[in-house]
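Numbers 5 to 118, taken from this note's numbering, label the letters of the sequence shown in order.
We put the CB at the ideal spot given by N, CA and C, even for glycine.
All values reported here derive from a predicted model rather than from experimental measurement.
What follows is a set of notes on a single structure, which appears directly below.
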Amino acid sequence: MLETIGLLGNILVLLTAILILDRASDLVINNAVKIADLTGFGKTTIGFILVAMGTTLPELSVTIFAAITGGSVEVAIGNVLGSCIVNICLILGIAFILTALKNPSCSQVAPMLA
């Protein structure tokens, strides 16, 4: 479809997508602040949840679509679970390393969590 509308049409599609992304991000941020106020959770906690959802949902939707259209369901489940486990381990590992570098006295917390 995009080949038939030409360069000007593609630029118009790009600008429209950027405008929609701008409006949607404002809507998500405003509602996230409202959710944080209503639930009593911190804004940082809600932000972490939104970032986690934002990084996981695209991969999840592609995997589900691939499984539905005749792909291997086992590979799809392994892909979703594996990516979640890797994301968690990388984030925790980087957080522990940065905390230990910034404040060496906090490096004693990591062995207690293991």
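Can you give me the Cβ contacts of residue i inside the same chain, cut-off strictly under 7 Å, excluding the 5 residues immediately before and after it?
| i | result |
| --- | --- |
| ILE50 | ALA36, ILE39 and ALA40 |
| ALA70 | ALA80 |
Which residues mark the beginning and the end of the alpha helix (DSSP H) in which residue i is found?
| i | result |
| --- | --- |
| THR48 | 47–72 |
| THR8 | Taken as a continuous stretch (DSSP letters only), THR8 belongs to no alpha helix (DSSP H), as it is neither H nor E. |
| GLY97 | 77–106 |
Taking the beta carbon of residue i as the centre, do at least 16 other beta carbons fall within 10 Å, making it buried, or is it exposed?
| i | result |
| --- | --- |
| THR73 | exposed |
| THR43 | exposed |
How long is the line joining the alpha carbons of residue i and residue j, rounded to whole angstroms?
| i | j | result |
| --- | --- | --- |
| THR120 | LEU64 | Residue 120 lies beyond the range of the chain shown here (5 to 118); nothing can be said about it. |
| ILE89 | ILE95 | 10 Å |
| ILE33 | LEU61 | 17 Å |
| SER87 | THR59 | 10 Å |
| GLU78 | VAL84 | 10 Å |
| THR67 | ILE9 | 30 Å |
| ALA99 | LYS106 | 10 Å |
| ILE22 | LEU54 | 20 Å |
| GLY82 | GLY75 | 13 Å |
Spatial neighbours of residue i within its chain, please: CB distance less than 8 Å, with the 5 preceding and 5 following residues excluded, ordered by chain position.
| i | result |
| --- | --- |
| ASN91 | ALA56, THR59 and THR60 |
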